[in-house]
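Protein chains: 2
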Amino acid sequence: MRQFVVIGHDAPTTPDFPLDDLPGAAGRLDVLCRCVSAALFRSHGIRDDVAVFLVLGDEVTVRIDAGDLRYMNPDERNVASLLQKALDAKDQAIGHREAESTPGIHVSKRGFEAVLDAVSGTVVELHEDGAPLADVEPPADPTFVLSDHRDFTDEEAALLADASDQRVRVGPEVLHADHTVTVAHNYLDTDGFEVY
Amino acid sequence: MRQFVVIGHDAPTTPDFPLDDLPGAAGRLDVLCRCVSAALFRSHGIRDDVAVFLVLGDEVTVRIDAGDLRYMNPDERNVASLLQKALDAKDQAIGHREAESTPGIHVSKRGFEAVLDAVSGTVVELHEDGAPLADVEPPADPTFVLSDHRDFTDEEAALLADASDQRVRVGPEVLHADHTVTVAHNYLDTDGFEVY
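If you're matching them up, the sequences are chains A and B in order.
Every number in this note's numbering is 890 more than the matching position in the first sequence, counting from 1.
Every number in this note's numbering is 890 more than the matching position in the second sequence, counting from 1.
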């Protein structure tokens, strides 16, 4: 399974944001929506065996499980509307337990540390100071951890340093988080591409 | 220079489309907007030396030149609003000559064939039946040609076969056009990545 954890530092934790202003009033939610699309969609279908965790303001986490997902289109507005529904269901989530807002979309009152505890597989930090992706053996069940348009805070960086097994970068250019997700997928897709 | 030509088969050719329904009423303009973002943006800046040609309904082309670009954010709605301005300026473009709607964005009444004649460098068709990207020597000045959510029509495919020097695919998975743009950039970025 491939998992992606994306931290949204300025992202909303309540559903009262306008779908018409995702970059502004919704705290760069456009970036997170594109990360979701990049993680889940391939042409004419959904990738199997992928999960995305969006950590919003270090207090709410939306987990999207590709296996059960319904009703999602790859455009930012549609993804944002489903995230809005998830935030609207937040009060049904008690403690760290999740509530399902629409099929495949789960909300919980968890911050970054609790999510790091919950993910499985090899935790890979995607960071501009990491080793080139091409020099790293692809892990079987990677969990990639990324930040939105902001850097990891010192506290996040410390938590991640404890949890992560690898720190990699996708290339010499520093990319947007969603583009990084796409490159990470392609890197895993093309491992052994010759045999296809 | 890196150039990207993206064909939008159902995309609008007039500015009277709603920004609230890019996938539906605006004919999957969301895909083209994400292609523009993927082609132009890196983290905290614009890529130098990139141009994007959006061929809309085989009759209008919007050319976006990264070198002169102003006022663009990477979210779909913002890109779409600038495309709307370009379509609004369409009648200022006479014959195949361009009119500039906002800095760096140019509109002309050109279809796919005229755009293929206008682009420079090595024309590379991105297609699921092409050779794996990793097996192809990166061209110095590539022009990547992609289709939106639809396949190339027979006529487009014939024109492209005449014009293109290479046909490549980005991996075993068939990706969305915008994700393909991201992978193509990464492929060129990381050529010689070891020396960074």
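By construction, the Cβ of each residue, glycine as well, lies at the ideal position given by its N, Cα and C atoms.
As the structure is a computational prediction, the values presented were derived from the model and not from experiment.
Residue-chain proximity (A/A989, chain B), Cβ-Cβ < 8 Å: no
Beta-carbon contacts of B/F1002 that lie in its chain and below 7 Å, excluding the five residues immediately before and after: I897, V945, D948, E1046, L1049
Closest by C-alpha distance to A/S933, when choosing among B/N1076, B/V1073, B/V1064, B/D1068: B/V1064
Residue-level contact to chain B via CB, A/V1058, 8 Å cutoff: no
In chain order, each alpha helix (DSSP H) run of at least 4 residues that lies wholly inside the segment 964-1017 of chain A: 966-978, 1002-1008
Alpha carbon of B/D1041 to alpha carbon of B/E1015, nearest angstrom: 12 Å
Amino acids of chain A, ordered along the chain, whose beta-carbon sits closer than 7 Å to that of B/G1061: N1076, D1079, T1080, F1083
CB contact check: B/D920 to chain A, cutoff 8 Å: yes
Short Cβ contact (8 Å threshold) for B/V997 with B/V950: yes
Straight-line gap, A/P1032 to A/A941 (C-alpha atoms, nearest Å): 11 Å
Under 7 Å by beta carbon: chain A residues contacting B/F931: H1066
With 16 other Cβ atoms within 10 Å as the buried cut-off, status of B/D1081: exposed
Neighbour list for A/H1069 in chain B, Cβ cutoff strictly below 7 Å: A928, T1072
Limits of the beta strand (DSSP E) - the one that A/V1064 falls within: Premise fails: A/V1064 is in no beta strand (DSSP E) and is neither H nor E.
Within chain B, partners of A/D965 - CB distance below 7 Å: L912, P913, D920, E966
Minimum C-alpha distance to B/I936 - residue among B/K975, B/A915, B/Y961, B/L912: B/Y961
Candidates A/T904, A/D920, A/D958, of which the one nearest A/D1038 by Cα: A/D920
Beta-carbon contacts of A/H1075 that lie in its chain and below 8 Å, excluding the five residues immediately before and after: R892, A928, A929, R937
A/A901 at chain B interface by Cβ criterion, 8 Å: no
Short-range partners of chain B found in the segment 1007-1038 of chain A, where Cβ spacing is below 7 Å: P1022, A1024
Member of A/A1053, A/E1018, A/T1043 whose CA lies at the smallest distance from the CA of A/S1010: A/A1053
Assigned exposure category for A/A1051 - 16 Cβ within 10 Å defines buried: exposed
Per-residue DSSP class, three states only, for B/T1072: helix
Cutoff 8 Å; reference A/L959; Cβ partners in own chain excluding five residues on either side: L930, I936, P993, G994, I995
Continuous alpha helix (DSSP H) assignments of at least 4 residues falling wholly in the segment 919-945 of chain B: 919-930
Status (buried if at least 16 other CB within 10 Å, exposed otherwise) for A/I954: buried
Reference A/A1024, options A/R1059, A/E966, A/Q982, closest by Cα: A/R1059
Test item: CB-CB of B/P905 and B/L1006 under 8 Å: no
One or two residues paired with B/V896 in a DSSP bridge: B/L944, B/L1036
Span of the beta strand (DSSP E) around B/D890: Since the first residue of chain B shown is 891 and the last is 1086, residue 890 of chain B is not available in this structure.
DSSP three-state assignment for A/D1052, whether helix, strand or coil: helix
Pair within 8 Å by beta-carbon distance, B/P1028 and B/Y1077: yes
Classification of A/P902 by the beta-carbon crowding that lies within 10 angstroms, buried from 16 upward: buried
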